[in-house]
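Under our numbering, think of the first position of the sequence shown as 221, with each following residue one higher.
Glycine included, C-beta positions come from ideal geometry on N, C-alpha and C.
Remember, it's a predicted structure, so these values are computed and weren't measured experimentally.
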Amino acid sequence: MLSTMCRTEAYQDRQAQVEIWMSNMIRRVKCDETKPCCLRCSKSGWNCEGYPPALNRHASSQIILPKSSLPLLPKGTFEKRIHSNKSFLIEPSFHPRFHNEDERRYFNVFITQTAPELTGFFESNIWNRLILQACHEELYAWHAVVAIGALHRTLEVSNSSKHDDGSKAHHTFALKQYGIAIRHMQQVAQREMNEYRLRDTLISCLLTTCFESYIGNQEDALNQAQAGIDVLLNWQFDCPLQDDDMASVRKVTARSKFLDDDLLGAFTRLDFQVMQFKYTVKDRVLSPSYPTIPPSFESVTEARFYWDLIVRRAQQWHIAQHSAATEQFSTLDFGENNTSENFKRGSEFADRTERELVAYEEVTALWYEKFKPMFEKSREQPGSKMFVAASMMMVRYLPSKFAISRKAPDCDLYADQYFEDYKSVVSLTRGVLEEYSMTLPGKAGFGMDVNFVLSLFLVATRCREPSVRREAISLLVKHPRREGLWDSLMAARVATWLMEKEEEGMADGKYVPETARLRIVKNDFVLKERKAVIRCSKMVEGCEQRVELPDVTLTW
221 MLSTMCRTEA
231 YQDRQAQVEI
241 WMSNMIRRVK
251 CDETKPCCLR
261 CSKSGWNCEG
271 YPPALNRHAS
281 SQIILPKSSL
291 PLLPKGTFEK
301 RIHSNKSFLI
311 EPSFHPRFHN
321 EDERRYFNVF
331 ITQTAPELTG
341 FFESNIWNRL
351 ILQACHEELY
361 AWHAVVAIGA
371 LHRTLEVSNS
381 SKHDDGSKAH
391 HTFALKQYGI
401 AIRHMQQVAQ
411 REMNEYRLRD
421 TLISCLLTTC
431 FESYIGNQED
441 ALNQAQAGID
451 VLLNWQFDCP
461 LQDDDMASVR
471 KVTARSKFLD
481 DDLLGAFTRL
491 DFQVMQFKYT
501 VKDRVLSPSY
511 PTIPPSFESV
521 TEARFYWDLI
531 VRRAQQWHIA
541 QHSAATEQFS
551 TLDFGENNTS
561 ENFKRGSEFA
571 DRTERELVAY
581 EEVTALWYEK
591 FKPMFEKSRE
601 QPGSKMFVAA
611 SMMMVRYLPS
621 KFAISRKAPD
631 CDLYADQYFE
641 DYKSVVSLTR
651 GVLEEYSMTL
661 PGKAGFGMDV
671 NFVLSLFLVA
681 TRCREPSVRR
691 EAISLLVKHP
701 RREGLWDSLM
711 AARVATWLME
721 KEEEGMADGK
731 YVPETARLRI
741 VKNDFVLKER
751 KAVIRCSKMV
761 EGCEQRVELP
771 DVTLTW
């Protein structure tokens with residue numbers, strides 16, 4: 221009996237040594253054995269996993285339970301995500317390709333932290349399922365995900381103001397992995413075009429857009445997003461055309477094994493950002509009209525899809541109007557086969573503009589009519605997924621009432637009538653960010669979709685009531701985040717400068733007169749340099765039209 225125990229203990233000792241050796245071989249480094257954690261991990265900002273715990277040589281036998289059949293996905297802050305009932309094609313896949321300990325750690329960061337943050341508060345399977353499935357099947361996705369996970373660690377370390385060397389190490393590793401991912405994406409581009417390759421192309425563009433946005437390369441991010449959108453819209457879909465081109469594509473995703481509404485929705489929102497920052501619709505077929513709103517919305521996700529189509533269509537019109545006004549307009553099609561020659565006459569263009577504005581007001585009012593019952597019902601379930609998602613949709617909807625108006629194109633006094641809407645945007649945003657956000661106050665967050673930042677920025681630049689205006693700016697600073705290419709600190713810096721300039725002409729310390737109000741006509745920013753070039757216009761006494769002021773450079 222004693223000899224048996226000795227042999228068992230010797231075997232366990234050897235096993236412990238083997239496990240330590242294998243761990244070091246996987247990491248390709250030798251742990252320095254510093255207690256309680258190795259110096260290498262400390263410098264990189266990791267929590268060292270150290271050596272295996274001491275073996276309990278006389279531990280009682282334990283019952284080994286069967287493995288759970290539930291998917292190993294990160295636990296969300298709220299109730300379990302409700303997956304769609306749509307069937308997906310499940311094919312055999314390889315095991316994740318861990319070449320070293322760093323890859324394993326960064327991949328785990330992506331699963332547990334990055335994916336939930338990118339998913340946000342809406343129901344979506346892109347980052348926590350579709351992308352992870354692609355990682356098992358394609359090397360481009362695997363290396364891109366590891367790279368994004370490393371960037372997330374860079375953001376975490378920079379938030380802590382410690383481990384400068386660790387931050388550089390994370391960033392360098394991310395760039396190397398991203399380079400490998402790009403090479404594999406180039407190989408995918410050589411494959412025969414079919415639905416499977418279309419899916420891989422879209423995922424590739426989504427991952428590269430995410431990476432470039434993370435590091436602040438806005439031009440590259442926009443180009444990658446544009447490439448994915450062009451591929452999607454130029455794909456030869458066999459389906460009846462709808463009022464909106466993205467709505468036509470949606471008809472196809474319903475019967476596709478490789479495409480789904482989540483992926484389509486992501487590119488619909490990316491298209492809005494591309495048009496917002498590139499100011500071009502070159503070689504793009506514009507949607508003939510706004511989408512047809514269904515009799516009712518089955519979910520907040522469906523309401524979001526149609527709202528995305530509405531704001532995308534409005535942005536198309538905005539670009540077309542801007543191009544026509546500057547005589548750089550090439551083609552415009554709002555349901556008729558007209559070219560730029562039709563818009564050289566000011567009166568005709570003014571009539572078309574008026575009709576567009578009326579159509580916009582009608583479709584947004586109809587959307588709100590269908591969404592309002594769902595929003596009110598969500599108030600009965602504070603903290604639920606539906607509650608938070610509906611709050612976010614209302615935050616996106618309310619600025620549409622004052623961002624585009626037919627009331628007075630040259631006068632900003634009309635904005636004062638939306639005071640209650642300004643307060644609602646700030647109140648709803650504060651509730652979500654401070655009660656239900658996955659990111660702690662003061663910690664920088666990142667997401668691909670534009671949700672809070674743009675809405676708070678519009679309130680901070682349109683609302684002249686001092687307390688509400690300052691609270692909107694305060695939320696942008698207190699909860700730093702980048703949503704796509706919208707940086708909250710950039711938005712706060714621009715809004716603060718604008719507020720201070722306007723309040724220099726404040727009457728009686730309470731009211732900003734028309735002649736003191738500024739309207740931003742240009743906001744060119746460089747995220748990597750943390751710099752923005754602003755140009756504003758204002759009404760000057762004795763002038764019938766607004767006068768543009770010299771450019772101002774701001775940093776943050």
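With a beta-carbon spacing of about 17 Å, residue 646 and residue 670 fall beyond the 8 Å limit used to define contacts.
Note that the C-beta distance between residue 706 and residue 673 is below 8 Å. Residue pairing by DSSP places residue 743 opposite 754 in a beta bridge. Collapsing the DSSP output to three states places residue 666 in a strand. Between the alpha carbons of residue 422 and residue 489 lies a distance of about 14 Å. DSSP places residue 771 outside both helix and strand once states are collapsed to three, so it counts as coil. Here residue 611 is buried: its Cβ has 16 or more other Cβ atoms, across all protein chains shown, within 10 Å.
According to DSSP, residue pairing for residue 701 in a beta bridge involves 665. Contact check for residue 521 against residue 342 passes: the beta carbons are separated by less than 8 Å. Secondary structure of residue 656 (DSSP, three-state): coil. Inclusion of residue 517 and residue 605 in the CB contact set at 8 Å is not warranted, their separation being larger than that value. Taken atom to atom, the span from the alpha-carbon of residue 659 to that of residue 444 is near 27 Å.
If you draw a straight line from the Cα of residue 752 to the Cα of residue 694, it is about 19 Å long.
Excluding five sequence positions before and after residue 525, the CB atoms of its chain that fall closer than 6 Å to its own CB belong to 485, given in chain order. Residue environment for residue 592: exposed (fewer than 16 other C-beta atoms within 10 angstroms of its C-beta). In the three-state DSSP reduction, residue 731 falls in the strand class (E or B). Here the alpha carbon of residue 348 sits roughly 52 Å from the alpha carbon of residue 567. Apart from the 5 residues on each side of it in sequence, residue 641 sits with its Cβ closer than 7 Å to the Cβ of 618, 621 and 622 in its chain, given in chain order. Here residue 636 has 684 as same chain residues with Cβ atoms under 8 Å from its own Cβ, once five neighbours each way along the sequence are excluded. For the set 332, 329 and 493, the Cα lying nearest the Cα of residue 449 is the one of 493. Nearest to residue 351 by C-alpha distance, out of 767, 406 and 478, is 478. Judged by their CB atoms, residue 398 and residue 367 are nearer to each other than the 8 Å cut-off.
Counting C-beta pairs with one atom in each stretch, the segment 765 to 774 and the segment 709 to 727 have three or more that are closer than 8 Å, which means they touch. C-alpha of residue 634 to C-alpha of residue 345: approximately 41 Å in a straight line.
In the DSSP annotation of this structure, the continuous segment of the alpha helix (DSSP H) that includes residue 433 starts and ends at 415 to 434. DSSP, read as helix, strand or coil, puts residue 587 in helix.
Distances from the CA of residue 584 to each of 571, 652 and 514 were compared; the closest alpha carbon is that of 514.
In the structure shown, residue 707 falls within a strand segment according to DSSP collapsed to helix, strand and coil. Minimum Cα-Cα distance from residue 728 among the listed residues 756, 686 and 738 corresponds to 686. Looking at 632, 688, 665 and 582, the one whose alpha-carbon comes closest to that of residue 639 is 688. Counting the other CB atoms within 10 Å of its CB gives residue 405 a total of 16 or more, which places it among the buried residues.
Residue nearest to residue 376 within the set 324, 696, 357 and 333 is 333 (criterion: CA-CA distance). Excluding the 5 residues flanking it on each side, residue 533 has same chain C-beta neighbours closer than 6 Å at 507 and 510, in chain order.
Looking at the backbone, the Cα of residue 339 and that of residue 466 are separated by about 21 Å. In this structure, the CA atom of residue 602 is about 11 Å from the CA atom of residue 595.
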